[in-house]
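The structure appears below as C-alpha cells.
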Amino acid sequence: MNKNIEVINENLLAVNFEHINAGLIKEITFDSENCSDYASLTKDGKILLNKNDSMYQKNLTLIQEIMQLTDEQLNSEKGLYEVMRKIFKPFQKLSNEEIDKFIKENGFEKAIHFYYSFFQLEKQRRIYQNNSDKHQKSSFNLKRLFNRKVGEVKNG
1 MNKNIEVINE NLLAVNFEHI NAGLIKEITF DSENCSDYAS LTKDGKILLN KNDSMYQKNL
61 TLIQEIMQLT DEQLNSEKGL YEVMRKIFKP FQKLSNEEID KFIKENGFEK AIHFYYSFFQ
121 LEKQRRIYQN NSDKHQKSSF NLKRLFNRKV GEVKNG
C-alpha cells in the first residue's frame, strides 16, 4: 500500500488531501464536490481524514468515538451528548441540559454543527456499507467460483 496512506481501521483512512489532488495517491478517489477541507467519503465508502488539517488529531478522536456509536445513538441527540462526554472531561458529570447551557453561554454552537457534520459522514458511510453488503450477498459470488478447481462442482 502507498506509504502516504495511514490505515486507522478498515473504514477510516488518513492522508494529506493535497497528495491526492497532486496524483501521488492513486489508490484513493473521492468526490471532490462532497469533500471538505478536513474529511470526505471515498467512492468505496471509507471515511478519509485530511492529515494536513490543523485539527487532524481532534478530528481523528472525534470520528473514532462516533464510529463506535450504535445506529440508534448515531441518529439521536443521545449519541451527540455521549461523544461530547467522552471527548471533554468537564462534560462527564453534566446533564444534557447543563451541556446545552455551557455551549450557549460559551458560543460553541458552530462546534456542535461541526460535530453533526461528522455524524452525517458516519451515517453516509454506514448507508454505503449496508447497501454494498446487501449487493454482495445478493450477487453471484465470483470469488468462490474462482477458488474452485477445474471441473469441480459445488452446491450453492
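Residues in the sequence shown are numbered consecutively from 1, following UniProt numbering. Beta carbons are placed, not taken as given, at the ideal position from N, Cα and C, and that holds for glycine. Remember, it's a predicted structure, so these values are computed and weren't measured experimentally.
Quick check: the Cα distance between Ser-139 and Ser-132, rounded to an integer number of angstroms? By 1-based counting over the sequence shown, the position of residue 139 is 139. By 1-based counting over the sequence shown, the position of residue 132 is 132. The predicted position of Ser-139 is uncertain, since its pLDDT is 39 and thus under 50; a value taken from the coordinates is nonetheless stated next. C-alpha separation (whole angstroms): 10 Å.
Take Arg-126 and list the residues in its own chain whose beta-carbon comes closer than 8 Å to its own, dropping the five residues that flank it on each side. Here residue 126 corresponds to residue number 126 of the sequence shown, with the count starting at 1. Cβ within range, chain order: Asp-71 and Leu-74.
Nearest residue (CA-CA) to Ala-14, options Tyr-56, Ala-22 and Lys-43: If you number the sequence shown from 1, residue 14 lands on position 14. The shortest C-alpha separation from Ala-14 is found at Tyr-56.
Going by beta carbon distance, what residues of the same chain come within less than 6 Å of Leu-62, once the five residues before and after it are set aside? The sequence position of residue 62 within the sequence shown is 62, counting from 1. So the list reads Phe-118, once near-sequence residues are dropped.
So Leu-24 is in the beta strand (DSSP E); what residue range does that whole segment cover? The sequence position of residue 24 within the sequence shown is 24, counting from 1. Unbroken run through Leu-24: none, as it is neither H nor E.
Within 8 Å, do at least three Cβ pairs link the region 75–89 to the region 44–53? Put simply, the region 44–53 does not touch the region 75–89. Fewer than three CB pairs are less than 8 Å apart.
Once you ignore the five residues that flank Phe-17 on each side, which residues in its own chain have a CB closer than 7 Å to its CB? Along the sequence shown, one-based indexing puts residue 17 at 17. Closer than 7 Å at the Cβ level, and outside the excluded window around Phe-17, lie Asn-50 and Asn-52.
C-alpha distance - Phe-102 paired with Ala-22, whole-angstrom precision: The residue you call residue 102 lines up with position 102 of the sequence shown. The residue you call residue 22 lines up with position 22 of the sequence shown. Using only the alpha carbons, I get a separation of about 42 Å.
Residues sharing a beta bridge with Asn-131, DSSP: The sequence position of residue 131 within the sequence shown is 131, counting from 1. Its beta-bridge partners do not exist; DSSP assigns none.
Can you say whether Asn-9 is buried or exposed, counting buried as having 16 or more other CB atoms within 10 angstroms of its CB? As a position in the sequence shown, residue 9 is number 9, starting the count at 1. Exposed.
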